[in-house]
Each structure stands twice: as C-alpha cells, then as structure tokens.
Amino acid sequence: MIFIKSEEEIDLMREPNRIVGECLNFVGERIRAGMTTKEVDELVYNFIKASGAEPSCLGYCGYPASACVSVNEVVVHGIPDDRVLKEGDIVSVDLCAYKNGFHGDGARTFCIGEVSEEKQKLVRVTEECFFKAIEGLKAGTPLYDIGYKVQTHAEANGFSVIRAYTGHAIGREMHEDPMVPNFGRKGTGLRLRAGMVLCIEPMIAAGDWRVEVAPDGWTAYMRDGRPAAHYENTLVIREDGVEILTLPAQQ
Ligand code: MF3
Ligand code: CO
C-alpha cells in the first residue's frame with residue numbers, strides 16, 4: 000500500500016528525520032579507532048532518547064540494537080558488538096528514529112583515520128550515487144530512474160550495486176511500499192507522486208554484488224570479502240523537486 004503524506008503528516012515527519020540527521024552528524028564527530036561497534040550503538044541510543052524519540056530499529060523483527068554498524072565487507076545490518084574499530088576501516092552507521100507517530104531513516108559511511116584509496120573512492124561514489132539519483136527527481140519521475148542513476152554512476156566507477164536490499168517508502172511504518180531498488184531501467188516503474196516520502200539508499204560494493212547473510216540472521220556481508228558502503232536520506236517528493244528531511248542545516 001502506497002501512502003501519499005499530507006502537509007500535516009510531513010510536518011510531523013520533520014522531527015524524527017531531523018533527529019536522524021543530527022544523530023548521524025553526532026556519531027560522525029565522535030567515531031574513531033579504538034571504539035567498539037557497541038559503543039557506537041550506545042551513542043546512537045543515548046542521542047535518540049535524549050532527543051525525545053525512540054530508536055525504531057531496537058526490537059524491530061527481533062533486531063537487538065538501535066543502529067546497524069557495518070564494517071568493511073559488511074554492507075548492512077551489522078549487529079553492534081565488541082569489535083574494535085581500527086585505522087583503515089570504513090563503517091556504515093544506519094539508524095531510525097520514531098517520534099510524532101512517524102519514522103525517520105538515514106545512513107552514512109565513515110572512514111576511520113587513513114583508509115585505502117579504493118575505500119575513499121567507494122565512500123565518495125556511494126554518496127555521489129545518492130545525489131545523482133535526486134538530480135531532477137520530482138513528481139512524475141518514473142520510480143526506476145532512481146536505480147538507473149545509482150547503477151550507472153556506480154558501474155561507471157567500476158563498482159557494483161547490491162541487489163538483495165533496496166530503499167523504500169517510510170511513514171507510520173519504517174518500511175512502506177514502494178521498494179526503491181538501486182538498479183533499474185530508465186523510464187520504467189510507477190510515476191512518483193508529490194507527498195511520497197522515500198528512503199533512497201545506495202549500497203555499493205567495490206567488487207561483486209553478491210551478498211551472504213551470517214548465521215545471526217542479520218549481518219549482510221559481501222561474498223567476495225571486498226568492502227561495501229551505504230548512504231541514505233529520507234526525502235519528500237515535491238511537484239518541483241525533493242525536500243531532504245535528514246540533512247540538518249550545518250551551523
Ligand atoms: N534502517 C534500515 C533501512 O534502511 C533498516 C534497518 S533493519 C533493523 O531500511 F532491523 F535494523 F531495523
Ligand atoms: Co532505509
């Protein structure tokens with residue numbers, strides 16, 4: 000079921016999404032070598048609670064933490080634990096906040112100290128894939144143009160797009176229809192409508208796109224062991240463009 004949000008609902012969605020964006024910035028300023036992924040999760044939990052919101056991921060389908068913290072070849076859904084971050088790692092932090100009856104969702108990939116040139120490029124291109132995808136995006140755009148743009152930019156840089164996980168709409172539920180794949184054929188799919196709220200989230204691999212899930216049922220890692228990155232924002236489709244809800248104004 001696809002929900003078109005009213006202006007009142009979009010106003011209610013601003014707060015959880017702003018908290019997600021601010022929390023990602025907060026984590027980005029503190030994440031460093033020597034910290035465990037569990038300590039990253041504690042930063043997220045405390046920030047979201049102190050903001051008067053709830054961490055949507057905690058308990059979602061049995062998920063045991065407030066954030067997904069995915070290191071190197073783990074592309075998404077890394078469960079925080081005692082793993083210690085070290086110089087040269089790339090770490091994707093994905094989190095959701097619930098407030099005013101709505102969810103917000105966002106992710107960033109952080110570099111720990113000096114990372115390899117390949118990882119630097121992967122993180123940069125993954126972020127660029129998001130901004131390529133929203134160029135010209137507005138009411139009337141065919142849904143799969145988003146994936147087409149992500150895939151074109153990733154593959155032009157020698158990377159591949161993950162197939163097993165996609166973006167999605169969001170609202171009163173964390174995952175609503177439609178799914179938003181990171182691959183697709185230009186000019187196909189439903190036409191987007193003003194008031195749709197989407198999570199566009201390129202998940203890009205340095206090597207092959209095939210993913211395996213660990214026995215814990217969550218941790219998704221690249222079969223070839225090469226690194227992967229993730230970048231996500233929640234945005235509103237408008238008649239004349241998009242309004243990103245998880246990029247708080249820098250002050
Ligand atoms: N935030 C993720 C997404 O982009 C969902 C995380 S799954 C959870 O869809 F179990 F951690 F919640
Ligand atoms: Co998402």
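Numbering that gives the first Met the number 0 numbers the first residue of the sequence shown as 0 and each following residue consecutively. All residues carry an ideal CB built from backbone N, CA and C; glycine is no exception. Nothing here was measured: the structure is a model prediction, and the numbers come from that model.
contact_flag[the region 120 to 134, the region 52 to 67] where n(CB pairs < 8 Å) is 3 or more: Taking a contact to require three or more Cβ pairs closer than 8 Å, the region 120 to 134 and the region 52 to 67 do not qualify as touching.
Rounded separation between Q250 and E21 - CA only: As a first step, residue 250 is located in the sequence shown; it is residue number 251 there, counting from the start. As a first step, residue 21 is located in the sequence shown; it is residue number 22 there, counting from the start. Confidence in Q250 is poor, its pLDDT being 45 and thus under 50, which makes the residue's placement unreliable; the coordinate value appears in the next sentence. The C-alpha of Q250 lies about 11 Å from the C-alpha of E21.
Whole beta strand (DSSP E) elements within the region 44 to 80, 3-residue minimum: Correct list: 66 to 70 and 73 to 75.
Counted within 10 angstroms of its Cβ, other Cβ atoms place K98 as buried (16 or more) or exposed: For this step, residue 98 is matched to residue 99 along the sequence shown. By the neighbour-count rule (16 or more Cβ atoms within 10 Å), K98 is buried.
Pairwise C-alpha distance: G139 and F182: Counting from one through the sequence shown, the residue named residue 182 turns up at place 183. Counting from one through the sequence shown, the residue named residue 139 turns up at place 140. Their backbone Cα atoms lie some 19 Å apart in a straight line.
C-beta atoms of V39 and V19 nearer than 8 Å: Taking the sequence shown and counting its residues from 1, one reaches residue 39 at position 40. Taking the sequence shown and counting its residues from 1, one reaches residue 19 at position 20. Not closer than 8 Å, so no.
7 Å CB neighbourhood of Y62 in its chain, flanking five on each side removed: Here residue 62 corresponds to residue number 63 of the sequence shown, with the count starting at 1. Contacts found: C56 and W217.
F25 - containing alpha helix (DSSP H), residue span: As a working mapping, residue 25 is identified with position 26 in the sequence shown. Start and end: E6 to R29.
Heavy atom of ligand 1 within 7 Å of C22 beta-carbon: Start at 1 with the first residue of the sequence shown, and residue 22 comes out as number 23. Relative to ligand 1, C22 has its C-beta separated by 7 Å or more from all heavy atoms.
Check whether A204 and V68 have beta carbons under 8 Å apart: As a first step, residue 204 must be located in the sequence shown, where it is residue number 205. As a first step, residue 68 must be located in the sequence shown, where it is residue number 69. Pairing A204 with V68 gives a Cβ-Cβ distance that is not under 8 Å.
Under 8 Å between C-beta atoms of I243 and L197: Here residue 243 refers to the residue found at position 244 when the sequence shown is read from its first residue. Here residue 197 refers to the residue found at position 198 when the sequence shown is read from its first residue. No, Cβ-Cβ distance for I243 and L197 is not below 8 Å.
Cβ-Cβ separation, A163 to V124 (assumed contact under 8 Å), whole Å: Counting from 1 along the sequence shown, the entry for residue 124 is found at position 125. Counting from 1 along the sequence shown, the entry for residue 163 is found at position 164. That pair is no contact at about 20 Å.
Beta-carbon proximity list for S65, same chain, < 6 Å, skipping 5 on both sides: Sequence index remark: in the sequence shown, residue 65 carries index 66 (1-based). Counting only Cβ-Cβ distances below 6 Å, and skipping sequence neighbours, we find D40, V43, Y44, P54, C56 and L57.
Exposure of L189, with buried meaning 16 or more beta-carbon neighbours within 10 Å: Along the sequence shown, one-based indexing puts residue 189 at 190. So L189 ends up on the exposed side.
Nearest-angstrom Cα separation, counted from I145 out to G186: Within the sequence shown, the letter at position 187 stands for residue 186. Within the sequence shown, the letter at position 146 stands for residue 145. A direct Cα-to-Cα measurement between G186 and I145 gives close to 10 Å.
Candidates H229, G105 and G166, of which the one nearest E72 by Cα: The count along the sequence shown starts at 1 and reaches residue 72 at position 73. Ranking the options by Cα distance to E72, first place goes to H229.
Minimum Cβ-Cβ distance from K37 to chain C less than 8 Å: Of the protein chains in the structure, only one exists, and it is not chain C.
Closest residue to S5 among A193, A248 and N232 (Cα-Cα distance): The residue given as residue 5 occupies position 6 in the sequence shown. Among A193, A248 and N232, the Cα nearest to that of S5 is on A193.
Meets three-Cβ-pair contact criterion under 8 Å: the region 104 to 121 and the region 79 to 94: Contact between the region 104 to 121 and the region 79 to 94 is present, because at least three Cβ pairs lie under 8 Å.
Beta-carbon proximity check, A32 vs G112, cutoff 8 Å: Within the sequence shown, the letter at position 33 stands for residue 32. Within the sequence shown, the letter at position 113 stands for residue 112. Result yes, Cβ atoms of A32 and G112 sit closer than 8 Å.
DSSP beta-bridge partners of N232: Taking the sequence shown and counting its residues from 1, one reaches residue 232 at position 233. Per DSSP, the beta-bridge partners of N232 are I199.
L94 (DSSP reduced to helix, strand or coil): Here residue 94 refers to the residue found at position 95 of the sequence shown. L94: strand per DSSP, three-state reduction.
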